[in-house]
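Numbering (our numbering), first residue to last: 29 to 638. What follows is one structure encoded as structure tokens, with my remarks underneath.
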Amino acid sequence: MTAATIPGLNGTDDTVPTKHAELLAWVQEVAELTQPDRVVFADGSDAEFERLSNQLVEAGTFMRLNEEKKPHSFLAQSDPSDVARVESRTFICSEREEDAGPTNNWMAPDKMRSIMNELYRGCMRGRTMYVVPFCMGPLGAEQPKLGVEITDSEYVVVSMRVMTRMGQAALDKMSTDMPFVKALHSVGAPLEPGQKDVPWPCNDTKYITHFPETREIWSFGSGYGGNALLGKKCYSLRIASAMAHDEGWLAEHMLILKLISPEDKVYYIAAAFPSACGKTNLAMIHPTVPGWRAETLGDDIAWMRFGEDGRLYAVNPEFGFFGVAPGTNWSSNPTAMKTIEAGNTVFTNVALTDDGDVWWEDLENQPDHLTDWLGQPWTPDSDRKAAHPNSRYCTPMSQCPTLAPEWDDPQGVPISAILFGGRRKSTVPLVNQAFNWQHGTFMGATMSSEQTAAAEGKVGSVRRDPMAMIPFLGYNVGDYLQHWIDVGKNADESKLPKIFYVNWFRRGDDKRFLWPGFGENSRVLKWIVERIEGTVDAQSTPIGYVPTASDLDLEGLDVDPNDVDEALAVNKEDWQAEIPLIEEWLQFVGDKLPTGIRDEFEALKNRLNS
Ligand code: SAT
Ligand code: MN
Numbered sequence: 029m030t031a032a033t034i035p036g037l038n039g040t041d042d043t044v045p046t047k048h049a050e051l052l053a054w055v056q057e058v059a060e061l062t063q064p065d066r067v068v069f070a071d072g073s074d075a076e077f078e079r080l081s082n083q084l085v086e087a088g089t090f091m092r093l094n095e096e097k098k099p100h101s102f103l104a105q106s107d108p109s110d111v112a113r114v115e116s117r118t119f120i121c122s123e124r125e126e127d128a129g130p131t132n133n134w135m136a137p138d139k140m141r142s143i144m145n146e147l148y149r150g151c152m153r154g155r156t157m158y159v160v161p162f163c164m165g166p167l168g169a170e171q172p173k174l175g176v177e178i179t180d181s182e183y184v185v186v187s188m189r190v191m192t193r194m195g196q197a198a199l200d201k202m203s204t205d206m207p208f209v210k211a212l213h214s215v216g217a218p219l220e221p222g223q224k225d226v227p228w229p230c231n232d233t234k235y236i237t238h239f240p241e242t243r244e245i246w247s248f249g250s251g252y253g254g255n256a257l258l259g260k261k262c263y264s265l266r267i268a269s270a271m272a273h274d275e276g277w278l279a280e281h282m283l284i285l286k287l288i289s290p291e292d293k294v295y296y297i298a299a300a301f302p303s304a305c306g307k308t309n310l311a312m313i314h315p316t317v318p319g320w321r322a323e324t325l326g327d328d329i330a331w332m333r334f335g336e337d338g339r340l341y342a343v344n345p346e347f348g349f350f351g352v353a354p355g356t357n358w359s360s361n362p363t364a365m366k367t368i369e370a371g372n373t374v375f376t377n378v379a380l381t382d383d384g385d386v387w388w389e390d391l392e393n394q395p396d397h398l399t400d401w402l403g404q405p406w407t408p409d410s411d412r413k414a415a416h417p418n419s420r421y422c423t424p425m426s427q428c429p430t431l432a433p434e435w436d437d438p439q440g441v442p443i444s445a446i447l448f449g450g451r452r453k454s455t456v457p458l459v460n461q462a463f464n465w466q467h468g469t470f471m472g473a474t475m476s477s478e479q480t481a482a483a484e485g486k487v488g489s490v491r492r493d494p495m496a497m498i499p500f501l502g503y504n505v506g507d508y509l510q511h512w513i514d515v516g517k518n519a520d521e522s523k524l525p526k527i528f529y530v531n532w533f534r535r536g537d538d539k540r541f542l543w544p545g546f547g548e549n550s551r552v553l554k555w556i557v558e559r560i561e562g563t564v565d566a567q568s569t570p571i572g573y574v575p576t577a578s579d580l581d582l583e584g585l586d587v588d589p590n591d592v593d594e595a596l597a598v599n600k601e602d603w604q605a606e607i608p609l610i611e612e613w614l615q616f617v618g619d620k621l622p623t624g625i626r627d628e629f630e631a632l633k634n635r636l637n638s
């Protein structure tokens, strides 16, 4: 393949920076289909970031923030219709419908390809097509997990540079024939000659589609977050979960946290909560229990494989944080604030202050006047939010002051505990330990949470979200749960992580939170570590092992002891009321529901009735 066969190629010196035949053929095919004015290979350099961010400023997509307050940082305001993942437009296009399962939208791959080929035809006219090589997880891995995103969005290119190991280094790993995930993205807004662009091009028709068998992603119409930064949910969860199923590992929606005891003993913990339920806050926790320290390895995704010693090792495939801004502040998460303030941060849909800084709900020092995320004047009297509830900061992980030194180690870190959790006002206690791996899998399988703003849908309604993976499964949920059970069966259970279920969000009669959360969650983490070490007690309840208040280190905690008791209570009537809801969910999973999960459900009912 020569440069001349790629229409519009306009790389740095008009030569292609790779000899990877399959990649070049694909680039050519996409360029012929989408008809961009230019094709550029992204190299991931500082100069490229500079050039593209200046271009975005000129186009009105980016606003450069006050250099003293937020160095080298930008604010983007999206089209008001393009603000979150669109689950109703997200598809798993496996050959057989049953392989996508009851929780995913499905369409036959051929049919989807023909619909999308029509949408893609000429869709990059008037724009530049970027070829963005990237690697999920450390570049030094024995088998680096490579991908290439083709996109017509500069916003995506600069965001991919923050969120992934992007550019020439990833391309070099691909050599001439390494397999890679093909990820095609277009905002779907071609420009006629002379037509002026809008600050946030997108299309009312949106498709976020995955072909798990061929490990491909095709996305059209949206420029935001998980819809467009295809290394994140699309690759690292939907496609990777299918890879993990085939290859015997786990691709999970989990943070990775390092805890260090006063005796300097290290414990790594992975935790799955749905989007916008505090994963980032827990990943950056400042323990309030004296002598305990914590470091951060990841806030959203964990890939876990067995090491030679039989333990489960986790790596974070990402390179940056794409965190929810509202609620983040100097008291809830000072580490995130410091990471952001170090600069190089892209904000989307937060509010702009009059002196060129950003603001969002719950951030300290609320100004008297702002420009809100829609570009309208805003004052504290306004009856709408200044920042969109799913507004985000996109910031390099390397700037995180609590980053664990082993964060880029291809070996990963051995996990001692897995936490599941969600947002529940009632029923679910502060913490609860599974009896064993299969019971823990059942806990994860029946996880529930109140809907947040991270996806379209009614905020607050309870939905089942197994392992916080419902929106991110690349295959049938029944097969997925069986895969979890099999992982346990094939392992030495004594070396497997212990499984816990937490709920920081339980409320009392007057709706107040029963547990203060944030740094005080370290008291729960301490109990978890002591359970791993076998040095602390728990009550055996019908739902699992639950501490009493006296099992927790509550020294210096300023809360009503009755609240702690209430936060820990396992109320049989509440759980009996939960049974039909779990039943309904298991029915929904259908034929592929593993017997192991059914058995655990029967055992739970028996324990509640005895
Ligand atoms: O928009 S993203 O999918 O990247 C973030 C999230 O929902 O967790
Ligand atoms: Mn997430």
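Don't be surprised by glycine CBs; every beta carbon is placed ideally from N, CA and C.
I'd like to know whether the C-beta atoms of residue i and residue j end up nearer to each other than 8 Å.
i	j	result
Gly338	Asp520	yes
Ala298	Leu283	yes
Gly216	Leu147	yes
Trp543	Pro575	no
Val557	Asp579	no
Phe349	Thr376	no
Ser641	Glu275	Residue 641 lies beyond the stretch modelled for the chain, which goes from 29 to 638, so this question has no answer here.
Arg647	Val352	The structure shown does not extend to residue 647, since the chain spans only 29 to 638, so no value can be given for it.
Leu632	Arg534	no
Ser550	Ile313	yes
Val343	Gly440	yes
Cys230	Asp107	yes
Leu278	Ala272	yes
Cβ of residue i versus every heavy atom of the ligand SAH: is any distance shorter than 7 Å?
i	result
Leu257	As far as ligands go, the structure on display features the ligand SAT and the ligand MN and does not contain the ligand SAH.
Where does residue i sit, in a helix, a strand or coil, going by DSSP?
i	result
Phe301	coil
Glu241	coil
Ala595	helix
Cys422	strand
Thr40	Per-residue confidence for Thr40 stands at a pLDDT of 49, beneath the threshold of 50, marking its modelled position as unreliable; the derived number appears in the next sentence. Three-state DSSP puts Thr40 in coil, outside helix and strand.
Cys428	coil
Pro442	strand
Leu61	helix
Leu476	The amino acid at residue 476 is misidentified as Leu; the sequence shows Ser. Ser476: strand per DSSP, three-state reduction.
Ala256	helix
Gln56	helix
Trp401	coil
Thr179	strand
Met312	coil
Cys163	strand
Any heavy atom of the ligand SAT within a distance shorter than 7 Å of the CB on residue i?
i	result
Gly306	no
Arg113	yes
Lys261	yes
Gly338	no
Ser303	yes
Phe448	no
Phe350	yes
Gly254	yes
Rank the options by C-alpha distance to the C-alpha of residue i and give the top, closest one.
i	options	result
Gln171	Ala211, Asp591, Gln510, Pro438	Pro438
Ile120	Gly450, Pro64, Thr89, Pro499	Pro499
Ser73	Val190, Lys139, Glu126	Val190
Asp537	Ser81, Glu594, Asp327	Glu594
Asp409	Asn418, Arg321, Pro395	Pro395
Gly506	Asp205, Ile625, Gln105	Ile625
Arg491	Leu614, Phe102, Leu93	Leu614
Asp581	Val617, Thr324, Glu611, Thr316	Thr316
Val530	Ser489, Gly572, Arg193, Val67	Gly572
Glu336	Lys523, Lys97, Asn133	Lys523
Gln63	Arg155, Gln105, Ile245	Arg155
Leu621	Asp588, Thr469, Ser638	Thr469
Pro424	His100, Phe69, Pro161	His100
Phe69	Ala496, Leu61, Phe90, Pro45	Pro45
Just to confirm, does residue i get its C-beta within under 7 Å of one of the non-hydrogen atoms of the ligand MN?
i	result
Asp328	yes
His281	yes
Length-filtered (3 minimum) beta strand (DSSP E) runs lying within the segment 184-253: The segment 184-253 contains, as complete beta strand (DSSP E) runs of 3+ residues, the segments 209-214, 235-239, 244-248 (chain order).
List in chain order: all unbroken beta strand (DSSP E) runs of 3+ residues lying wholly within the segment 337-386. Runs found: 340-343, 348-352, 374-376, 379-381.
Which runs of the beta strand (DSSP E), 3 residues or longer, sit entirely within the segment 494-531? For the segment 494-531, whole beta strand (DSSP E) runs of length 3 or above, ordered along the chain, are 526-530.
Complete runs of the alpha helix (DSSP H) confined to the segment 570-633 [at least 4 residues]: Fully enclosed alpha helix (DSSP H) runs of 4 or longer: 589-596, 600-617.
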